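Each remark here refers to the structure printed beneath this line.
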Amino acid sequence: MDMDVDETCKAQEEKPLLVILVGAPGSGKSTFCEDVMRSSSRPWVRVCQDTIGNGKAGNKAQCLSSAANALKDGKSVFIDRCNLDREQRSDFVKLGRAQIDMHAVVLDLPAKLCISRSVKRTGHEGNLQGGKAAAVVNRMLQKKELPKLSEGFNRITFCHNESDVVAAVNTYSALGPRDNLPHGCFGQKNPDAKVQVGIMKFLKKAPADAASSENSIRNSISPQTFEKQGSSCKAVEKFSSLSDNAVLKSKEVEKPAVRSGSHASHVSLDDVPTLAFPSISTSDFQFSHEKAADIIVDKVLEFSDKLGNARLVLVDLSHKSKILSLVKAKAAQKNIDTRKFFTHVGDITCLYSGGGLRCSVIANAANWRLKPGGGGVNAAIFNAAGPALESATKERAKSLLPGNAIVVPLPSRSPLFVREGVTHVIHVLGPNMNPQRPNYLGNDYGKGCKILQDAYTSLFEGFASILRTQAVQSGGRNEGLGTKSLEHSENSPRNHLTNTDQKMKRDEVHESEKRRKYKGSEDDFEIDFTHSRAGKIDIKEKKAVASTHKAWGSWAQALYHIAIYPERHKDDLLEISEDVIVLNDVYPKAQKHVLVLSRTEGLDCLSDVKKDHLQLLKKMHAVGLKWAEKFLQENASLSFRLGYHSAPSMRQLHLHVISQDFDSKHLKNKKHWNSFNTVFFRDSVDVIDEVSNHGKATLKDDDKLLAMELRCHRCRSAHPNIPRLKSHISSCRASFPAYLLENGRLVHAAAPAEAGSS
DNA sequence: GTTCTAGAAC
DNA sequence: GTTCTAGAAC
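The UniProt record's numbering puts the first residue of the first sequence at 1, with every later residue one more than the last.
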């Protein structure tokens, strides 16, 4: 190809198309090509293996050279052969190179139809006729691998029936020499859609910051199965406007897969962690495209080995993008695997809804203030992500230096999370070569290149760190960041400081919610208090009420009574000592579930605990541990956690010692689960540390936590309801999240000397 | 129709 | 904390 992509727009406007047909014999590939070519104003060449040898069947090599020649002449090409597996397609994809848009049209019609057409066919070019055809078609269909964007296609159109085919023919027929079609997957079926709706509905309701979960969700669901195309997404409209002709009139094909209700995109096939990133600094910051392209390709190459099966995608909005062409050409030169890195034309804020490309992480070409606005990608991403991104960003950092990147987990309330499945945004700041913008470098490309390299290094490192976190938390199986984001905001002192205001507000809200919730009890409290002043109330009760400012319902007194009058409950107690009592939870939420009850009067819950109580906490922990170990001797396969509820329902401080099987008929609702499996549950070891260091325990007393989506405590996968969760946990053997394995939070039997030693 | 949740009552 | 149940979800 001797056209100069650097120079002329013309070259890009007249970009030839290479369209690989994918389909069994009888699926209508030849007819498709003929129908398009009959009415197209674009110069097409059909390369048909069945006829390439002077009207007779030829081989793949002939097809390849014929296609290459046609492309060289600036013609668009149909590859008319079955191309049912990736291997077969890959050599043709390699013809694509930078200047050529690479499409696949999949004629995935019912096998019956293909077979009957093949059988009926007489004098067919491929000489596949009669009864033999049925067997051949069947065998081919069994082996078929549907194409993916990651093979190197810019666009894939799936046709499942005749009307899909008609629509696709119309789309391609209407394509003039200078027209482009939107990139992405269109019309793909999603066999799992039904199952997944419940979970997604769920996530939609998930509280802010609660679960920036990612691959565990992505593995099982596609956001669009429940979320209609976001109104903010204008990708298709943008593309339309690029097109002289009304190429996109055909509604069927225009719709990305994900928009068509029951035909939502099937994601699991192409569902690997993906980072989509815009070209940094080449737009507003006026960095040389040529130099930037070199840096991008070098950095991609450098990281491609470190990213496992993850993918990188360079995204630009326009088909005319010079940087995209440059990078694509250079990547091809360096033989970068298109499964690991490819370019994509699309709006980075609707890659999935607009083109079926799933990207769990997107990079933002940020400004140094990390603030919305300024136009371009930055404005678009902040706009699409909503205020959630702004606040999540603010928690992490206030500004960014050129050459740096910062990873921000996207709160699950963000439309980008819900609609696009984006779990993280990585803000990147590159060098600036624009005198009108901050940090102008003059024309010092020595510095500039260094900074741009650093920027991409930080970006890819950030992405790698997300992958690592997922791998650790999933025990290598399922990936989820739900706990991580919570734990992070909890443990990071920096977040703590910046969160203070917000947190106080939330507490206020929570307090008033609580008042409403306990209205009845509060009335009781008022009456009791009046009575107590009249001297009519038990002095113990008065003390307790006064000390906590919290009203307890009558049903919440059971443990208190036991603590004060243990002799009346002797038969129900496992152990009684001077300061603690051990008893079985009346409604155990696991095979083993006991309570270590403090006997200290007036100490109703964790919020009452002060430094004075440190010895008591340690005693309770020691006693709890003793019981856990006793249970472990009986059943070494159990593991235990010891901890307190941030806001217990029952009065009188008590430590839960609970086995992690959660195999219990009493575990019935979300609150039950989440009270033991979110940070609402405060591990005893942490409470002791916090009280010892700060004089009080950190409470995560938020109703939102208890209403969070249900996640497996081992693999962090999400489940739509309690029965399904219970069914999952009964068999999930993933290792526990790393967090629980630290500091003795999880109590389990000493590792056996060797597996099978029992 | 059955399953499941969530809110009120206790 | 549980139980009960209306009505939402399936």
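Where is the CB? At the ideal position from N, CA and C, for every residue including glycine.
Please read all numbers here as calculations on a predicted model, not as lab measurements.
Straight-line gap, residue i to residue j (C-alpha atoms, nearest Å)
i	j	result
Ser577	Phe736	34 Å
Leu326	Ser288	11 Å
Ala332	Pro415	35 Å
His621	Glu461	40 Å
Asp707	Ser675	The amino acid occupying residue 707 in the given sequence is Ala; Asp does not appear at that position. Using only the alpha carbons, I get a separation of about 10 Å.
Asn439	Pro431	8 Å
Leu667	Phe681	15 Å
Lys330	Glu390	35 Å
Gly421	Ser646	31 Å
Ile336	Arg81	26 Å
residue 775	Val136	Residue 775 lies beyond the range of the chain shown here (1 to 758); nothing can be said about it.
Leu710	Leu655	23 Å
Gly643	Ile406	34 Å
Gly74	Arg42	10 Å
Ser717	Asn161	35 Å
Lys15	Pro372	35 Å
Leu351	Phe186	12 Å
residue 777	Asn721	Residue 777 is absent from the structure shown; the chain starts at 1 and stops at 758.
Cys605	Met433	59 Å
DSSP state of residue i mapped onto helix, strand, coil
i	result
Asn69	helix
Cys114	helix
Thr343	strand
His748	strand
Val580	strand
Lys696	coil
His613	helix
Cys449	helix
Thr274	strand
Leu573	strand
Gly376	helix
Ile348	coil
Val45	strand
Phe285	coil
Limits of the unbroken beta strand (DSSP E) element including residue i
i	result
Asp101	101-107
Asp316	311-316
Thr157	155-159
Gly26	Careful: Gly26 lies outside any beta strand (DSSP E) and carries neither H nor E.
Pro409	405-409
Residue interval of the alpha helix (DSSP H) (run including residue i)
i	result
Gln393	According to the sequence provided, residue 393 is Thr. The question's Gln does not apply to it. Here the alpha helix (DSSP H) through Thr393 covers 387-396.
Ser90	86-94
residue 763	For the chain, the structure presents residues 1 to 758; residue 763 sits outside this window and is missing.
Phe662	Looking at the DSSP string, Phe662 is not in any alpha helix (DSSP H), and its letter there is neither H nor E.
Gly354	351-355
Ala558	558-564
His728	722-729
Contact set for residue i: own chain, Cβ-Cβ below 8 Å, skip 5 residues either direction
i	result
Val165	Gly28, Phe32, Leu107, Leu109, Cys159
Asn584	Asp572, Leu574, His593, Val594, Leu595
Ser691	A quick correction: the sequence has Val, not Ser, at residue 691. Answer for Val691: Val609, Lys610, Lys611, His613, Leu614, Leu617, Ala697, listed in chain order.
Ala67	Leu18, Val45, Val47, Val77, Ile79, Phe92, Leu95
Residues near residue i in its chain [Cβ-Cβ closer than 6 Å; skip 5 each side]
i	result
Asn83	Ile20, Val22, Arg89
Asn677	His713
Tyr456	Lys299
Burial state of residue i, where buried means 16 or more other Cβ atoms lie within 10 Å
i	result
Lys56	exposed
Gln49	buried
Asn59	exposed
Gly553	exposed
Asp444	exposed
His319	buried
Arg494	Its pLDDT being 30, under 50, Arg494 is placed unreliably in this model, and the coordinates cannot settle the point.
Ala750	exposed
Ala211	The pLDDT assigned to Ala211 is 36, lower than 50, so where the model puts this residue is not dependable; a value taken from the coordinates is nonetheless given after this. Looking at its Cβ environment, which holds 16 or more other Cβ atoms inside 10 Å, Ala211 is buried.
Trp555	exposed
Val580	buried
Gly442	exposed
Pro387	exposed
Close beta carbons around residue i, own chain, < 7 Å, minus the five adjacent residues each side
i	result
Gly376	Ser283, Asp284, Ala365
Asp538	Only weak support exists for where Asp538 lies, its pLDDT of 35 falling under 50; the value from the coordinates is given anyway. Hits under 7 Å: none found.
His183	Asn154, Arg155, His344, Val345, Gly346, Gly355
Ala134	Ile115, Val119
Residue i beta carbon near the ligand MN (any heavy atom closer than 8 Å)
i	result
Val685	Looking at this structure, you won't find the ligand MN or any other ligand, since it has none at all.
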